[in-house]
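Residue numbers (the working numbering): 196 to 581.
For glycine and all other residues, C-beta sits at the position ideal for the given N, C-alpha and C.
Notes follow the structure.
So this is what it looks like as structure tokens:
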């Protein structure tokens, strides 16, 4: 999975300028979900849903939105079912190394997203330790959250490369006599937008399309949405006519970050026996990407820009070569993964969880997913949900 990537920032989306040949190949061999919606339009609750198969507001959390220890997660349930469980990359746990069912955990976070010293959130991450062992400063403390520029060190020390390489080590060292559940979670293309070369210069900023603020277009939105969009906030979240060159440069760096991730995915997939593996690709939530006069993910309004995410499933149990236009939710992954392993969610009827088991849709080439489903978007006091 990736972090904060729009549904149209993949090569299989018609008209997309982003090059993702590895993901395109995997998607074409599987089932593409053209209307996949996240559990939330911001990181922590979206990832809570992806772990639990439930909407965030139905999951017990503590300080800093930390999932209460002992809460059933897809990892803990698969581990109890005999699986090896591992996570490499970003997951927004609090504390960062919390045990939510993963036997093996190697974390790379976005420290610039936190106020002050990240140690106050529980611990430094594994990527920080890895840099320190090599005598390299942790560049994330030196890059303000809104800064976009090429990564200043060797590409092999970039977080995307680190996630790739640590994932390959997990695959090499796993117990081949036991099944493996592996989450590979790239921190990008979430800001700061700092891909290394050659990806930083791969896309022409002048070809990037952004929309300046348009009060007339926004006048037709519901009052709550207009208030959110008009609220004072960091200037880097608004597309200003006088800063179009800056916003186009940021979008070009975003595209480069996605293509870098695509190449890393290729290295991982080369080590996997796809005939014996279920692969699920998704994103925690989207990004305005210069549309509607906005960039990044605030305000958290559940437009398609933020709520709709790229998603596909492929591998041995999938009857591929199909696109499904009916809506699904990204956290449908949880009951689907459990069912593929012969397990089920532990919740009892009439409250079985929020996700839907899609194993039949994946396996049956005649199943078009053509069934009624409601996708609700609402604001809550603490987090939006989609």
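C-alpha gap between residue i and residue j, whole angstroms
{"i": "residue 473", "j": "residue 200", "result": "22 Å"}
{"i": "residue 299", "j": "residue 240", "result": "23 Å"}
{"i": "residue 198", "j": "residue 476", "result": "12 Å"}
{"i": "residue 254", "j": "residue 276", "result": "22 Å"}
{"i": "residue 503", "j": "residue 328", "result": "39 Å"}
{"i": "residue 297", "j": "residue 375", "result": "11 Å"}
{"i": "residue 358", "j": "residue 418", "result": "42 Å"}
{"i": "residue 484", "j": "residue 372", "result": "44 Å"}
{"i": "residue 558", "j": "residue 342", "result": "45 Å"}
{"i": "residue 440", "j": "residue 401", "result": "8 Å"}
{"i": "residue 282", "j": "residue 210", "result": "33 Å"}
{"i": "residue 581", "j": "residue 330", "result": "For residue 581, the predicted model reports a pLDDT of 48, less than 50, meaning its position is unreliable; a value from the coordinates is still stated below. Near 43 Å, if we compare the C-alpha coordinates of residue 330 and residue 581."}
{"i": "residue 499", "j": "residue 247", "result": "23 Å"}
{"i": "residue 406", "j": "residue 434", "result": "7 Å"}
{"i": "residue 487", "j": "residue 413", "result": "8 Å"}
{"i": "residue 523", "j": "residue 289", "result": "28 Å"}
{"i": "residue 219", "j": "residue 383", "result": "18 Å"}
{"i": "residue 336", "j": "residue 564", "result": "46 Å"}
Interface flag, residue i vs chain C, CB-CB below 9 Å
{"i": "residue 291", "result": "Given the protein chain composition of this structure (a single chain), no chain C is represented."}
Residue i burial status per 10 Å Cβ neighbour count (16 or more: buried)
{"i": "residue 528", "result": "buried"}
{"i": "residue 263", "result": "exposed"}
{"i": "residue 427", "result": "At residue 427 the pLDDT is 49, less than 50, meaning the model places this residue with poor confidence; the figure from the coordinates comes in the next sentence. Exposed, since its Cβ has fewer than 16 Cβ neighbours within 10 Å."}
{"i": "residue 479", "result": "buried"}
{"i": "residue 568", "result": "exposed"}
{"i": "residue 549", "result": "buried"}
{"i": "residue 303", "result": "buried"}
{"i": "residue 381", "result": "buried"}
Close Cβ partners of residue i (< 6 Å) along its chain, the five nearest in sequence each way excluded
{"i": "residue 469", "result": "510"}
{"i": "residue 229", "result": "518, 520"}
{"i": "residue 403", "result": "443, 446, 447"}
{"i": "residue 348", "result": "none"}
{"i": "residue 530", "result": "248, 540, 550, 552"}
{"i": "residue 526", "result": "234, 244, 245, 248, 550"}
8 Å CB neighbourhood of residue i in its chain, flanking five on each side removed
{"i": "residue 226", "result": "507, 508, 509, 513, 514, 515, 517, 518, 519, 556, 557"}
{"i": "residue 466", "result": "363, 366, 367"}
Cβ shell of residue i (< 7 Å), same chain only, five flanking positions each side left out
{"i": "residue 163", "result": "Here the chain covers residues 196 to 581 and nothing more, so residue 163 does not appear."}
Distance cut-off 8 Å: residue i Cβ against heavy atoms of the ligand FMN
{"i": "residue 406", "result": "Ligands in the displayed structure: none, and consequently the ligand FMN is not present."}
- Item | Secondary structure, beta strand (DSSP E): runs of 3+ residues fully inside the region 366 to 401 | Runs found: 375 to 380.
Quick one: any contact between the region 441 to 450 and the region 386 to 399, if contact means 3 or more CB pairs under 8 Å? They touch, by the three-pair rule.
>> If we require 4 or more residues per run, which alpha helix (DSSP H) segments fall completely within the region 278 to 304?
In response: Secondary structure in the region 278 to 304: no alpha helix (DSSP H) run of 4 residues or longer lies completely within the stretch.
Counting pairs of beta carbons, one from the region 255 to 272 and one from the region 533 to 542, are three or more of them closer than 8 Å? Cβ pair count under 8 Å is three or more, so yes.
Segment contact, 8 Å Cβ cut-off, at least three pairs: the region 204 to 218 with the region 487 to 503 | No, they do not touch.
Margin query: Just to confirm the assignment: which complete beta strand (DSSP E) runs, minimum length 3, are found wholly within the region 438 to 476?
Written below: Counting only unbroken stretches of 3 or more residues, the beta strand (DSSP E) elements lying wholly within the region 438 to 476 are 473 to 476, in sequence order.
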